[in-house]
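*Asks:* Here the sequence shown is numbered in the numbering used here, starting from 248 and rising by one per residue.
Quick one: the structure is below, questions incoming.
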Amino acid sequence: MQTIEAPHTHPPVEVIDSRLGAALYDRFLWFGEKRGMARLRRDLLAGARGAVLEIGAGTGLNLPHYPADLDRIVLAEPGERMGGHIDLGRAPAGVPTDLVRAPAEYLPFADASFDTVVSTLVLCTVADPRRAVAEAARVLRPGGRLLFLEHVRADPGLRRTLQRRAARPWAGFADGCRCDRDTLATIEARMRIESVEHGAWRGMPGIVKPLIWGSATPAPTS
Ligand SMILES: C[S@@+](CC[C@H](N)C(=O)[O-])C[C@H]1O[C@@H](n2cnc3c(N)ncnc32)[C@H](O)[C@@H]1O
Numbered sequence: 248m249q250t251i252e253a254p255h256t257h258p259p260v261e262v263i264d265s266r267l268g269a270a271l272y273d274r275f276l277w278f279g280e281k282r283g284m285a286r287l288r289r290d291l292l293a294g295a296r297g298a299v300l301e302i303g304a305g306t307g308l309n310l311p312h313y314p315a316d317l318d319r320i321v322l323a324e325p326g327e328r329m330g331g332h333i334d335l336g337r338a339p340a341g342v343p344t345d346l347v348r349a350p351a352e353y354l355p356f357a358d359a360s361f362d363t364v365v366s367t368l369v370l371c372t373v374a375d376p377r378r379a380v381a382e383a384a385r386v387l388r389p390g391g392r393l394l395f396l397e398h399v400r401a402d403p404g405l406r407r408t409l410q411r412r413a414a415r416p417w418a419g420f421a422d423g424c425r426c427d428r429d430t431l432a433t434i435e436a437r438m439r440i441e442s443v444e445h446g447a448w449r450g451m452p453g454i455v456k457p458l459i460w461g462s463a464t465p466a467p468t469s
């Protein structure tokens with residue numbers, strides 16, 4: 248298990264990686280994990296197969312939830328501070344696991360090199376979610392899957408109004424996280440949705456409550 252420094256041969260990507268955000272991340276999510284998020288992670292990741300790439304891996308909260316029969320896990324996390332909290336030893340025993348410092352918009356991997364790409368609570372934060380989804384599609388092998396679990400823009404109504412008003416202060420508080428992104432539409436623009444479920448991120452502030460989770464496969468590009 249090792250940390251690999253990816254070469255920076257791409258345009259700069261803004262990543263907000265505050266010391267405080269990284270230090271408090273797990274504690275801030277703790278109640279939500281207890282209230283169901285940990286179970287959602289485990290259920291989602293039960294669908295992971297073969298070689299797995301996780302984008303925006305954060306502090307590595309998904310690691311203990313991966314199945315034990317994977318070929319390898321690569322965690323891509325551009326934030327040095329967030330990534331500094333990852334304990335690769337929490338991966339399932341016997342599954343080779345590496346950490347790469349790379350943004351989701353410019354993945355340092357060949358086309359068709361993974362069976363599964365995982366994105367949990369990431370497309371809200373990346374600078375360019377369309378490019379991140381296109382990169383996920385590029386690195387997936389034919390038949391490969393994106394597994395996603397994301398908080399998203401609410402349906403029209405009070406919650407969406409609150410999201411719009413709170414989007415900027417929330418992004419300032421939560422290291423660039425946008426609470427008002429239509430992430431399902433972003434995925435659908437480049438991939439075919441296989442399954443999607445809608446629910447709530449329990450134990451968290453109302454503006455990040457609508458959650459979606461499911462899987463998608465790359466749609467052929469013309
Ligand atoms: C809300 S955290 C989610 C962490 C983790 N995936 C989880 O489920 O707990 C968002 C993560 O996205 C990372 N991030 C920010 N910009 C990114 C980018 N351009 N590409 C990939 N990850 C990015 C942040 O460093 C942070 O770790």
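Every residue gets a Cβ at the ideal spot worked out from N, C-alpha and C, and that includes glycine.
Computed from a predicted model, the values in this text were never measured in an experiment.
Is residue 454 helix, strand or coil by DSSP?
*Replies:* Counting from 1 along the sequence shown, the entry for residue 454 is found at position 207. It is helical.
*Asks:* Looking only at its chain, what residues have a beta carbon closer than 8 Å to the beta carbon of residue 517, apart from the 5 residues adjacent to it on each side?
*Replies:* Examination of residue 517 is not possible in this model, given that the chain is present from 248 through 469 alone.
*Asks:* Between which two residues does the beta strand (DSSP E) carrying residue 278 extend?
*Replies:* Start at 1 with the first residue of the sequence shown, and residue 278 comes out as number 31. Unbroken run through residue 278 is the alpha helix (DSSP H), 266–279; no beta strand (DSSP E).
*Asks:* Do residue 309 and residue 288 have their CB atoms nearer than 9 Å?
*Replies:* Translated into positions along the sequence shown, residue 309 becomes position 62. Translated into positions along the sequence shown, residue 288 becomes position 41. In this structure, residue 288 lies closer than 9 Å to residue 309 by Cβ.
*Asks:* Going by other Cβ atoms of all chains shown within 10 Å of its Cβ, with 16 needed for buried, is residue 417 buried or exposed?
*Replies:* Reading the sequence shown from its first residue, position 170 is the one you call residue 417. Its Cβ being crowded by 16 or more others within 10 Å, residue 417 is buried.
*Asks:* Bridge partners for residue 542 per DSSP, in chain order?
*Replies:* Outside the modelled stretch of the chain, which goes from 248 to 469, sits residue 542, for which no answer is possible.
*Asks:* Let me know the secondary structure DSSP gives residue 256 once reduced to three states.
*Replies:* Numbered from its first residue, the sequence shown carries residue 256 at position 9. It is coil, neither helix nor strand.
*Asks:* Mind checking residue 301: buried by the 16 CB within 10 Å criterion, or exposed?
*Replies:* Residue mapping note: residue 301 aligns to position 54 of the sequence shown, counting from 1. Answer is buried; the Cβ neighbour count reaches 16.
*Asks:* Short check: CB of residue 344 to CB of residue 380, under 9 Å?
*Replies:* Start at 1 with the first residue of the sequence shown, and residue 344 comes out as number 97. Start at 1 with the first residue of the sequence shown, and residue 380 comes out as number 133. Not closer than 9 Å, so no.
*Asks:* Using DSSP's beta-bridge definition, name the partner residues of residue 366.
*Replies:* By one-based count along the sequence shown, residue 366 stands at place 119. Paired residues: 395.
*Asks:* Starting from the Cα of residue 369, find the closest Cα among 394, 390, 435 and 346 and give me that residue.
*Replies:* Along the sequence shown, one-based indexing puts residue 369 at 122. Of the listed residues, the one whose Cα sits closest to residue 369 is 394.
*Asks:* Mind checking whether the beta-carbon of residue 434 lies closer than 8 Å to any heavy atom of ligand 1?
*Replies:* Indexing the sequence shown from 1 puts residue 434 at position 187. Answer for residue 434: no, Cβ out of range of ligand 1.
*Asks:* Span of the alpha helix (DSSP H) holding residue 386?
*Replies:* One-based indexing of the sequence shown puts residue 386 at position 139. Here the alpha helix (DSSP H) through residue 386 covers 376–386.
*Asks:* Beta carbon of residue 450, beta carbon of residue 305: below 9 Å?
*Replies:* Here residue 450 corresponds to residue number 203 of the sequence shown, with the count starting at 1. Here residue 305 corresponds to residue number 58 of the sequence shown, with the count starting at 1. For residue 450 and residue 305, no; Cβs fall outside 9 Å.
*Asks:* Which word fits residue 258, buried or exposed, when buried means at least 16 other C-beta atoms lie within 10 angstroms of its C-beta?
*Replies:* Reading the sequence shown from its first residue, position 11 is the one you call residue 258. Residue 258 comes out exposed.
*Asks:* Out of 331, 283 and 317, state which residue places its alpha-carbon closest to the alpha-carbon of residue 264.
*Replies:* Sequence index remark: in the sequence shown, residue 264 carries index 17 (1-based). For the residues 331, 283 and 317, the minimum Cα distance to residue 264 belongs to 331.
*Asks:* Starting from residue 300, trace the beta strand (DSSP E) both ways and give me its first and last residue.
*Replies:* Taking the sequence shown and counting its residues from 1, the one referred to as residue 300 is at position 53. Its beta strand (DSSP E) spans residues 298–302.
*Asks:* Have a look at the DSSP bridge pairing and note the partners of residue 319.
*Replies:* As a first step, residue 319 must be located in the sequence shown, where it is residue number 72. Answer is 298.
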